[in-house]
Amino acid sequence: MCLVEVEKSPKPVASCAMPALPGMKIKTNTPIAKKAREGVMEFLLMNHPLDCPICDQGGECDLQDQSMAFGADRGRFTDMKRSVVDKNLGPLVKTVMTRCIQCTRCVRFASEVAGVQDLGMLGRGSGEEIGTYVGKLMTSELSGNVIDICPVGALTSKPFAFKARNWEMKGTETIDVTDAVGSNIRVDSRGPEVMRIVPRLNEDINEEWISDKTRFCYDGLKRQRLNDPMIRGPDGRFKAVTWRDAIAVVAEVLNQVKPEEITGVAGKLSDAESMMALKDFINKMGSDKVLCEGNGPNPPADIRSNYLMNTSIAGLEKADVFLLVGTQPRVEAAMVNARIQKTVRATQAKVGYIGPPADFNYDTWHLGTGPDTLVEIAEGRHPFCSILKSAKNPVIIAGAGLFEREDQGAVFSTIETVAKKFNVTRPDWNGLNVLLLHAAQAAALDLGLVANPTESVKSAKFLYLMGADDVNLDNLPADAFVVYQGHHGDKAVYRANVILPSSAFSEKEGTYENTEGCTQWTIPAVPTVGDARDDWKIVRALSEVAGAPLPYDSVAAVRSRISMVAPNLVRVDEREPSVISAEVKPPVKQQVSPAPFKAAVENFYMTDAITRASKIMAQCSATLLKK
Amino acid sequence: MAFTMRAVKVPPNSASMAEARHRVFDFFRDACRAIPSIMEIYNLDDVVTPAQLRASISQQIRKNQGVSDPKVIDMLLFNGMEELNNITEHAKQRHHIIGQYVVGHKGLVQDLEKDQGSSEFLKKFYTSNY
């Protein structure tokens, strides 16, 4: 397609492979160039089936566009076309290998970006085929991206097959909330239904890729949804009621309990607006027990650099040594892992890992499983120290394995000792990072939702769960009144007394801060399900009925309140680096316990209410997880 | 509605207050006796009980308890009998009965009255998310 005519050259020249020289006269639009392109097009279409009407790529196919631009208006090929057996790449990618034009983009993607050697070229000449090795599936957390990079309809989305055409869908540019990265996505919807999710280019965060969880979780948005306010009757069954009645019941109970017995828990998918409203409301009722799940017993919320990825995701590319402490980026934040993989591949950066045995798609040095290894490094007794010492831009990433630990403060201070010893934080380089796990975490820490979960739950008589499903309710008093506000009938609903349905991330405007401190908005793509309401509106309405009305009536008003607490949360699409370093922290007296780090994510495909409701994610867990 | 008109004979006027009062009780008895057949005709078993319908009828009668002119009482009785006839002859439909005697005139606006004194935000919140 890139053939051009160069003066004094006997043949058309491939412009992509020919360096431009001084004095060269290049003609791009002459009959010879056009004829040459037509010829190339004819060769491409020789073995390509003419099944565009039944092909899922139809309408967004590169080959279709190219043949419209450069192709001939008739075919001369009368022989039989080649046909190729379809391959099974797992539950996500559908293959029609006869359509493949052997561009090998998917092979290059698999080995260079995803870092797995699953895909390859088999056979030679006209027998050439793309495939996995016999009977193998493509087991990468980024495998869905081959759908986007395939220029023809050879690799398409299996869940999306024959569901919609790209011109009948409305695209909404929004962000993903299934992990703390905040990948930029486009939600394609038809009417009230989300049809698919595709990535959007953002070089600073996800480049042009998204993880499989992000791409295929959307069918969870249609299943197990809560659509009516419900009250649990004396027989233990839920009964649908009106909003008026549900809120009146909650307000009545709320006014009967003591202020210190009220606890609010924000879920891992909560947006900043709703967390602000929840915190203001609980505080107004006289309690300070408001927290966000996943942040652990005593989150380091005082200094912003203690809980953010200070190097920034794009900044990881400058690093030459990585030390991963208690984190498995591949399952905790697949896009951050892709960035590390890219760096390791480009610069042969060394990666040291402390934590339980884990699966990496680049070479790592497994230093140990517990904090004692970290102490050894801090004291300079570990062989990895020499690598850290010679590094120009070392990076330490502490992850979700640390948050739930009781000795979190001590572990963090050991990490800071390591950082100081090996010059990880300098005026021109901040390599000390925390990799968060959930979309709500960073904003929750900014807004100060930092109560201790164990104590708050133990003393609660009134527990307000705002989409919090993974908070441990074992110690909750049996007579506690539990309100569950959320979009899915997930774990916590079994304990709830009242259910208030809210909208999911695809249905509301919400502010989210990702793990590197970049604030982004979700944009509503589809209408809310049933009688659901936006999260912050429910809290606002409840506050009024309970007799302590919050002073904001619109999203803009909530955001101006947020700007008083955490101004960075209203500066959208900007990364707000933290200015104060960890040096001003008071010394920690806690002792490091020898217990090894635990894995924070058991099943990459099912981590929150949406993905647990998704059928595709269930299929992935069944077939792709390494046992 | 000519045929119902024929069925309801216009009795002579009540001579005294006592006679008018007696006729009112007669009418109430007639209406109460018709309740089981009304329940069946309009299929009301799942929305209302006979006792509630009786209460509704007596409430309609008590609405006019201040009337002291026997002629006016006779006229109101005539209206009531006409209505009863229309109902028992299935000249009405189910939603008429439900609207008038089960939910009552205030039925559909009751919720709005509860919101008196609450803010614009809350009123909007109860109606929709947008």
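The listed protein sequences correspond, in order, to chains A and B. Quick note on numbering: the UniProt record's numbering labels position 603 of the first sequence as 603, and the sequence is numbered without any gaps. Quick note on numbering: the UniProt record's numbering labels position 126 of the second sequence as 126, and the sequence is numbered without any gaps. By construction, the Cβ of each residue, glycine as well, lies at the ideal position given by its N, Cα and C atoms.
For T522(A), the CB contacts under 6 Å within the same chain, skipping 5 residues up- and downstream, are T174, I175, F505, G510 in chain order. Setting aside the 5 residues that flank it on each side, P551(A) is surrounded in the same chain by A557, R561, each with a C-beta closer than 8 Å to its C-beta; the list follows chain order.
For K239(A), no chain B residue has a C-beta closer than 7 Å to its own C-beta; the minimum C-beta separation is roughly 17 Å. With 16 or more other CB atoms across the displayed protein chains lying within 10 angstroms of its CB, V539(A) is buried.
A Cβ-Cβ separation of about 5 Å places T172(A) in contact with V187(A) under the 8 Å criterion. Counting the other CB atoms within 10 Å of its CB gives W243(A) a total of 16 or more, which places it among the buried residues.
Taking the Cβ atoms as the reference, P12(A) lies roughly 4 Å from L3(A), within the contact range of under 8 Å. Contact of W429(A) with chain B by beta-carbon distance below 7 Å is absent, the smallest such distance being about 47 Å. In the structure shown, C2(A) adopts coil according to DSSP, grouped into three states.
The Cβ-Cβ distance between G294(A) and Q441(A) falls below 7 Å. The Cβ neighbour count for S16(B), taken over all protein chains shown within 10 Å, is under 16; the residue is labelled exposed.
With 16 or more other Cβ atoms inside 10 Å of its own Cβ, C106(A) counts as buried. Boundaries of the alpha helix (DSSP H) around H96(B): 94 to 97. Under the three-state reduction of DSSP, W209(A) is assigned to coil, being neither helix nor strand. Between the segment 593 to 603 of chain A and the segment 353 to 364 of chain A, the count of Cβ pairs shorter than 8 Å is three or higher; the stretches touch.
Within chain B, the residues whose beta carbon sits less than 8 Å from that of E544(A) are S118, S119, F121, L122, listed in sequence order. Rounded to the nearest whole angstrom, the C-alpha separation of S305(A) and W429(A) is 13 Å. Taking a beta-carbon distance threshold of 7 Å, K170(A) does not count as an interface residue toward chain B.
A check of alpha carbon separations from G296(A) across L402(A), K239(A), V351(A) identifies L402(A) as the nearest.
Only exposed fits L50(A), as fewer than 16 other CB atoms lie within 10 angstroms of its CB. Residue nearest to S56(B) within the set L76(B), I97(B), N13(B), F78(B) is I97(B) (criterion: CA-CA distance).
For the 7 Å CB-CB criterion, I73(B) and A20(B) form a contact. Collapsing the DSSP output to three states places N430(A) in a strand.
Counting along the chain, T417(A) sits inside no beta strand (DSSP E); it lies in the alpha helix (DSSP H) bounded by residues 408 to 421. Neighbourhood of A532(A) in chain B, by CB distance below 7 Å: N129, in chain order. By the neighbour-count definition (other C-beta atoms within 10 Å, threshold 16), M275(A) is a buried residue. For Q102(A), the three-state secondary structure derived from DSSP is coil.
Contact annotation: M309(A) and T515(A) have beta-carbon atoms nearer than 7 Å. Taken atom to atom, the span from the alpha-carbon of I616(A) to that of P192(A) is near 20 Å.
Annotation: the segment 303 to 354 of chain A contains the following complete segments of the beta strand (DSSP E) (minimum length 3 residues), in chain order: 321 to 325, 350 to 354.
If you draw a straight line from the Cα of T88(B) to the Cα of C32(B), it is about 12 Å long. Contact with chain B is found for D553(A), since one of that chain's Cβ atoms lies less than 7 Å from the residue's Cβ. For A266(A), the enclosing beta strand (DSSP E) has its first and last residue at 262 to 266.
When Cβ-Cβ separations below 7 Å define contact, K537(A) makes contact with chain B.
Inter-residue distance for T49(B) and Y42(B) is about 13 Å (C-alpha atoms, whole angstroms). Neighbours of Y126(B) in chain A, taken as residues whose beta carbon is under 7 Å from its own, are W243, R244 in chain order.
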